[in-house]
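Chains as they are written, first to last, in the UniProt record's numbering: chain A, 1 to 218; chain B, 1 to 218.
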DNA sequence: AAATAAAATTAGCCTTACCTAATTTTATTT
DNA sequence: AAATAAAATTAGGTAAGGCTAATTTTATTT
């Protein structure tokens, strides 16, 4: 079993690895965690001894198979708790991360699976990040937004990046849900506003901010 | 804000104080926590400095007003999480304590209150202990069970001490719920079985174990 | 290539929250 | 009251996980 600190390092390395696919250096980890590089070097030794990561000056830090498994389960717990906090306790989108940061470290053989079931096996967390399943697999991570679609192109809504009630109510009003098809008719160069057609209906104009908040599949 | 360890001491002192109303000595705390008395002395100094407890060789350890407040909120969180684990995640009665032991330390200004609301403001936890309200007040703690009732006496069910599905289903079958009136007609001296009348209906016989699992108000 | 800058590492320290062993204080017997 | 037992306390130590400062290694300029 890993300590709280070890888990935070694993999660951090996992995130850095996902974000860039780049070489992960001690300094990068130090920056990400707000820790001193000297502390990071200590922990790299510890996690290497535990066979959760491997470290090579040229390749940087990499998660081993076990490290990846452990990190994935931390992420699973984090994202499930985020769904819980938002959907069941009525927290706002920007309040849930820090609390989930604590909740994710609670270890019990069946807790994550029970929570998963209780929440109805959600595929994505409130930020649109996929939730790893019990077996470690997870849905595709969507990073393209409506703002990335080319004029004339069409796409399908897969997740939201903003889950404020303001935004969600706005979506409701526009009849946009997960799965809704949207066509980009025009992009106003002045302020990057988007003229879109929702499910083939008459054109509507939305802001750039709006476009960047809708994760889509082309 | 208190550390995890400080919280565990506060909770422990609170429990010892409630259990006996006796003088709480360093050794008593050491025994309860499974720690060395020397460690306890250290922590007593620390908590005294933080004005959460007072310590006097004659009177023993006592919680200050603030210490009581803090301890009560830890207990509140613990018991609310127990209800959640049992009612929402389907855990069994004897699995929830240890998990709640971790969950109780998660601090967020509104988490306990939101959880409380989500659970429907329960008065008692699955062990029949009252859950402190946000203002620190809590319902009466019932410690007498059906097995304590004298022959000829009657009582009202207020909580269950055993929340296994076996027991709960048995209660269902007997039409016993919170509030149900029970009259003790006879006590079989051989094995302490109880002959009872539920809501004035025809007599039924239940075991001593059964009687000890029903918390009642005379 | 040499000089300089940046990154990595080592050495040594700090705090928290434990511990053991030794000592002092307080209670309980005889 | 003296002897003994128990409880409380002190002194010093440990492991985890941070830190700073100094040093070494690696990269980047000039």
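A virtual CB, placed ideally from N, CA and C, is assigned to each residue, including glycine.
- When the Cα atoms are used, residue 29/B and residue 70/B turn out to be separated by approximately 18 Å.
- With contact defined as three or more Cβ pairs closer than 8 Å, the region 126-145 of chain A and the region 25-42 of chain A are not in contact.
- Counting the other CB atoms within 10 Å of its CB gives residue 65/B a total below 16, which places it among the exposed residues.
- Scanning its chain for C-beta atoms nearer than 7 Å, with the 5 sequence neighbours on each side dropped, one finds around residue 80/A the residues 112, 115, 116, 119 and 131, in chain order.
- Classified as buried, residue 2/A has 16 or more neighbouring CB atoms from the shown chains inside 10 Å of its CB.
- Within its own chain, the residues whose Cβ lies closer than 6 Å to the Cβ of residue 96/B, once the five positions on either side in sequence are excluded, are 82, 85 and 86, listed in chain order.
- In this chain, residue 141/B is not harboured by any beta strand (DSSP E), its DSSP state being neither H nor E.
- Exclusion of the five residues before and after residue 104/A leaves 74, 77, 78 and 81 as the residues of its chain whose Cβ lies within less than 7 Å of its Cβ.
- Only buried fits residue 11/A, as 16 or more other CB atoms lie within 10 angstroms of its CB.
- A Cβ-Cβ separation of about 4 Å places residue 146/A in contact with residue 214/A under the 8 Å criterion.
- In this model, residue 190/A and residue 123/B are separated by some 59 Å (Cα to Cα).
- When secondary structure is reduced to three states using DSSP, residue 217/A falls in the strand class.
- Under the Cβ criterion of 8 Å, residue 13/B is not counted among the residues facing chain A.
- Taken in chain order, the complete alpha helix (DSSP H) segments of 4 or more residues contained in the region 53-89 of chain B are 65-83.
- The C-beta of residue 67/A has 16 or more other C-beta atoms within 10 Å across all chains shown, which makes the residue buried.
- If you look at residue 119/A, you'll find it isn't in any beta strand (DSSP E); DSSP assigns it neither H nor E.
- Listed along chain B, no residue sits closer than 8 Å to residue 121/A by beta-carbon distance, the nearest being about 14 Å off.
- Between residue 52/A and residue 14/A, the C-beta spacing is not below 8 Å.
- Against chain A, the CB of residue 114/B has a partner CB under 8 Å away; the residue lies at that interface.
- With 16 or more other Cβ atoms inside 10 Å of its own Cβ, residue 210/A counts as buried.
- One Cα belongs to residue 47/B, the other to residue 6/B, and the distance between them is close to 7 Å.
- Residue-level contact by beta carbon fails for residue 94/B and chain A, as no gap is shorter than 8 Å.
- For residue 74/A, the nearest beta carbon of chain B is not closer than 8 Å to its own beta carbon.
- In the DSSP secondary-structure assignment, residue 134/A is not bridged to any residue.
- Burial is judged here by how many other beta carbons sit within 10 angstroms of a residue's own beta carbon; residue 203/A has fewer than 16 and is exposed.
- Contact between residue 176/B and residue 195/B does not hold, since the beta-carbon distance rounds to 15 Å and is not under 8 Å.
- Taking 8 Å as the CB threshold, residue 187/B stays off the interface with chain A.
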